[in-house]
Every structure is written in C-alpha cells, then in structure tokens.
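Numbering (full-length UniProt numbering), first residue to last: 1 to 281.
Glycine included, every Cβ here is placed at the ideal spot set by N, Cα and C.
Just so we're clear, the structure is a prediction, and the values are computed from it rather than from any experiment.
Structure, as structure tokens:
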C-alpha cells in the first residue's frame, strides 16, 4: 500500500481579539497530528482556550532547520502539520519560510488557512492607496541603519507599511520625519483588535507630538502606514521653499542646499533635492 504525504497547513491565529479565530482554523488545528508554533507556551494558552489538545512542536529562528527536518519526515510519513505564529498570519515577519520552502521541494501540499493579519488590518483602515504597497517589516534597531533604510524608501510612491515595537516607536517616527518630511501623512495603528486599539492619522510632525504627549501612547505593538511620496512631476514647492532653494543654490551644491533649505522651511530635503534636479535638468 502506497504511503501518501500529509498536508502542511499555514494557519492564521488572532492578533488580539479571540473572536477573530475562524472556525475552519480551529477545525484544522484539532485534526492535524502536530502544530509547529513559534512559542509553544504562548500558543498553548490560545489552544487551551478553544479546547484544542493537539501536540505542539517549537519552530523558531534558532531551531528552524532541525525542526523542519523532523516535521518534513512526519509529513512524508503521512501525518499532517499546522504552522502557526504567535499572532496573525505566519511568515509575515515570523519564522516558517524554510519549512514551507522545503515542503514545496518535496512535493508536499501546502494549504493556507486565512485569517487575521495586522498588516492587512492596518491597510484597511489607513485611508491610503492599498492597490500597491511595500511592506518593510521591522526596521533596524540602530538609528543609522534605520535611517539608511528609510532614506532608500523616501522617494517611493507606493504606500509603505512597517511593524514597530513600543520601545522604538518614538525613535522610528522621529527618523521617518527626518527622512520623509514633516508633512508626510502617517497612520499609527496600535494594539489592533485589542482593548486599547488606537488608529491615529496625521502628519508625521503631529504624530510625533501625539506620541510624546502621553507615555501611555507609546505602549503596545504598532503598525505604521506611511503615505507614498508624490511623483516628481507633482512635487511643486511652496513659494517660500522655492525662494530659499534658489538663493542657496547660488552659493551651495545641490545636496547641501537641500539640507539647509529643509532645516529652514521644514520641507523634506528629498523633495527639495528632487526639485533641484528638475531645475538643473
């Protein structure tokens, strides 16, 4: 009798509100032979709440290759496996890619069980274009590296989405303000679907003020959605910024003029630099 492989299910779990746990997801987690979880202690609380007693196996960045080998062997033996993360849809800034990649190479069926996603939830309430967007995940912890990433995205016209931890939220928004400009629109989505859920939309300058007004506002897990840059042909400067740039360009190289004009006018130095390029061309 031929042995058929099991199925690898990629299962979304709630990001806060337990009522968002789909019936299909619960049924899948009950019927598989093992659940691969990022943090088994965290996931056991969720499963216990729903009366799911399926065994758990840890799968995280420190044991991913070893755990993958064990799980693939079980799948090849005909058992089915569910992959979950601590919250939301697996692989969105969570481990598991290696397991799924190897499963595909071994011709094991991989089935998505959709559900909650902080990324999609934030986009749905941001009021910005979601036809095309760039998800950049978590930014680097150190400011220099973080600013380099943000600078590389400063002229991107697509909507930008980031995840951020509470202890870095002020620093990250500060760096965004410097790289994207004070007037760029941002949306801070804090503790989505949880008791203290907050969606705050404003200019980056005002969002930074809002965060600093109350320390409590800095607590919780954040999704940051940022308006894309305006296309170059629509990046007209206000009269004062244009006057300052024209004066500075008579004495300074473009890069220095843009930086100094940004300090004087509050307009993004990238916008000023791009404007200067069009004048030079």
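- Boundaries cannot be given for residue 183, as no beta strand (DSSP E) includes it and DSSP labels it neither H nor E.
- Residue 176 and residue 222 have their C-alpha atoms spaced approximately 14 Å apart.
- For a cut-off of 8 Å, the C-beta gap from residue 11 to residue 25 is around 5 Å, short enough to register as a contact.
- For residue 203, no alpha helix (DSSP H) run applies; the uninterrupted beta strand (DSSP E) run containing it begins and ends at 198–203, by DSSP.
- In the structure shown, the three-state DSSP call for residue 148 is helix.
- The three-state reading of DSSP puts residue 276 in helix, counting H, G and I together.
- Taking C-beta atoms under 8 Å as the contact rule, residue 159 and residue 133 qualify, at a distance of about 4 Å.
- With respect to the 7 Å criterion, residue 207 and residue 173 are classified as neighbours on the basis of their beta carbons.
- In the DSSP secondary-structure assignment, residue 56 is bridged to 35.
- The residues 123, 159, in chain order, have a CB closer than 7 Å to that of residue 130 in the same chain once the five nearest residues on each side in sequence are set aside.
- Around the beta-carbon of residue 50, fewer than 16 other beta-carbon atoms lie within 10 Å, marking it exposed.
- For residue 164, the enclosing beta strand (DSSP E) covers residues 159–164.
- Linking residue 5 to residue 192 through their CA atoms gives a straight-line distance of about 37 Å.
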